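Chains as they are written, first to last, in our numbering: chain A, 1 to 239; chain B, 1 to 239.
Even for Gly, the Cβ is constructed at its ideal location relative to N, Cα and C.
Treat the numbers as computed from the prediction; the structure is a model and nothing was measured.
Data first, discussion second: the structure below is written as structure tokens.
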């Protein structure tokens with residue numbers, strides 16, 4: 001059973017304003033929920049429509065598929081929906097490779113990028129304040145549990161980049177060929193918005209531009225920001 | 001206005017069976033539709049809810065947002081929905097780098113991979129018969145017009161791979177480090193299913209295995225098939 005108050009609280013978490021107010025967020029899908037339970041994150045409450053191994057009994061309640069449909073943020077709800085406490089915000093880490101996102105809007109792209117940071121051992125993900133919220137349910141779903149293993153901070157990116165002395169690489173269409181570039185280990189890589197790329201105020205802070213050469217026809221659209229991030233992080237790590 | 005018969009025809013195209021029967025498919029979204037119009041593909045009919053430059057007048061009709069909602073396969077319909085004739089099937093191309101997909105199921109992944117083939121100039125995309133249909137409306141949307149520029153064939157992959165003398169590279173978790181591998185220019189790269197990887201019958205045909213090293217924690221899930229494809233195609237092209 002889901003009480004009226006719980007239903008109200010949990011559906012409110014589909015919105016960033018209420019996630020921040022309550023310091024809670026939603027994760028959907030058994031695989032991702034189990035991975036998050038296996039991290040430092042603390043569950044607030046878990047709802048399931050069928051028995052699944054590994055869920056903490058004292059925090060889990062069984063509900064009907066109809067109730068799950070009301071709680072879920074997905075078109076096709078999963079069998080598990082968990083509500084987690086947000087972790088306390090930590091100070092930004094300063095060492096190693098840092099990835100910075102300037103106004104990335106698509107939840108699926110941010111989720112994929114968080115997963116890439118986890119794979120490539122990127123210590124710190126910085127998001128501009130207009131980047132999509134990493135506790136958006138669609139982002140959480142796309143991260144598949146990586147959310148708990150990547151440190152993410154929302155910052156005034158222009159300000160942050162103005163106060164660092166690391167090299168700042170920016171991915172732009174007319175940038176230097178990444179295959180021919182020497183990439184520093186201790187650096188910041190900036191990726192821009194899906195339609196507009198890196199904004200002009202941030203571009204002024206970039207010290208080295210990068211691009212991925214195109215081998216196909218001229219007509220080809222730019223690469224998707226998540227696939228471009230995959231290729232560039234691979235280039236930073238491979239050498 | 002949309003007639004009853006048109007509505008029936010177009011909504012039937014949400015299903016593969018009827019796409020094949022009528023040899024028609026749907027593309028949604030102004031950007032993708034305009035790119036497809038700028039290719040060899042022939043439009044059958046186009047529906048719009050507001051004026052958009054570049055649509056052929058003789059094929060385009062204005063409809064209401066309510067009518068678009070009925071035609072659309074999307075949760076949030078776009079302002080343009082076009083129906084195109086499927087191109088005639090061509091023989092597979094034999095030269096250069098060929099990408100083969102073994103049972104890739106997610107439409108977004110296939111769409112992203114088609115866009116990557118276009119970017120990296122992959123001459124031929126081969127899909128196993130159980131791979132998602134490339135004319136699925138969600139695939140078409142994710143390709144952003146690249147669909148018209150990449151040759152795609154659905155084949156009996158086991159059979160095909162058994163009859164080629166090119167090197168066959170397969171991406172698997174325990175494969176050889178791609179950064180240390182010498183990659184042939186004239187080759188086939190096989191990518192597997194989102195959950196299960198490359199199936200055992202296909203794996204028998206693979207002559208060289210590849211993997212992307214993990215730099216993060218051991219807990220990290222495998223990379224998404226589209227991001228792994230991005231990194232591997234980049235590796236084939238960079239050298």
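Minimum Cα-Cα distance from residue 47 (chain A) among the listed residues A:40, A:198, A:34, A:38 corresponds to A:34. For residue 211 (chain B), the uninterrupted beta strand (DSSP E) segment begins and ends at 208 to 211. Residue environment analysis places residue 115 (chain B) among the buried positions, since at least 16 neighbouring C-beta atoms fall within 10 angstroms of its C-beta.
For residue 85 (chain B), no alpha helix (DSSP H) encloses it; the enclosing beta strand (DSSP E) starts and ends at 80 to 85.
Cβ contact annotation for residue 233 (chain B) (same chain, cutoff 6 Å, sequence separation greater than five): 116, 120, in chain order. Residue 33 (chain B): member of the alpha helix (DSSP H) spanning 30 to 37, first to last residue.
Residues of chain B whose Cβ lies closer than 8 Å to the Cβ of residue 179 (chain A) are, in chain order, 238. Short of 6 Å from the beta carbon of residue 77 (chain B), and not among the five residues preceding or following it, lie these beta carbons of its own chain, in chain order: 68, 69.
Residues of the region 210 to 228 of chain B whose Cβ lies closer than 9 Å to any Cβ of chain A, in chain order: 212, 213, 214, 215, 216, 217, 219, 220, 221, 222, 223, 224, 226, 227, 228. DSSP places residue 225 (chain A) inside the alpha helix (DSSP H), whose first and last residues are 225 to 238.
In the structure shown, residue 69 (chain A) adopts helical secondary structure according to DSSP, grouped into three states. Here the alpha carbon of residue 99 (chain B) sits roughly 27 Å from the alpha carbon of residue 176 (chain A). A straight-line Cα-Cα distance of about 27 Å links residue 163 (chain A) and residue 239 (chain A). Residue 82 (chain A) is outside the set of residues whose beta carbon lies under 7 Å from a beta carbon in chain B. Rounded to whole angstroms, the gap between the alpha carbons of residue 167 (chain A) and residue 189 (chain A) is 9 Å.
For the region 185 to 205 of chain A, the beta-carbon criterion of a distance under 9 Å to any beta-carbon of chain B is satisfied by none of its residues. By the CB criterion at 7 Å, residue 202 (chain B) and residue 157 (chain B) fall inside the cutoff.
For residue 144 (chain A), the neighbours in chain B by C-beta distance under 7 Å run, in chain order, 221. Annotation: residue 62 (chain A) to residue 55 (chain A) spans about 11 Å, alpha carbon to alpha carbon. Residue burial annotation: residue 51 (chain B) is exposed, with fewer than 16 other C-beta atoms found within 10 angstroms of its C-beta. Contact annotation: in the region 106 to 122 of chain A, residues whose CB is within less than 7 Å of a CB in chain B are 112, 115, 116, 118, 119, 120, 121.
Sequence-distant partners of residue 211 (chain A) (beyond 5 residues in either direction) whose C-beta falls short of 8 Å from its own C-beta, in its chain, are 171, 172, 173, 174, 175, 176, 177, 178. Identification of residues in the region 7 to 32 of chain A having a C-beta nearer than 7 Å to some C-beta of chain B yields an empty set. DSSP places residue 175 (chain A) within a strand segment (E or B) once states are collapsed to three. Where residue 127 (chain B) is concerned, the enclosing beta strand (DSSP E) starts and stops at 124 to 128. A straight-line Cα-Cα distance of about 46 Å links residue 125 (chain B) and residue 88 (chain A).
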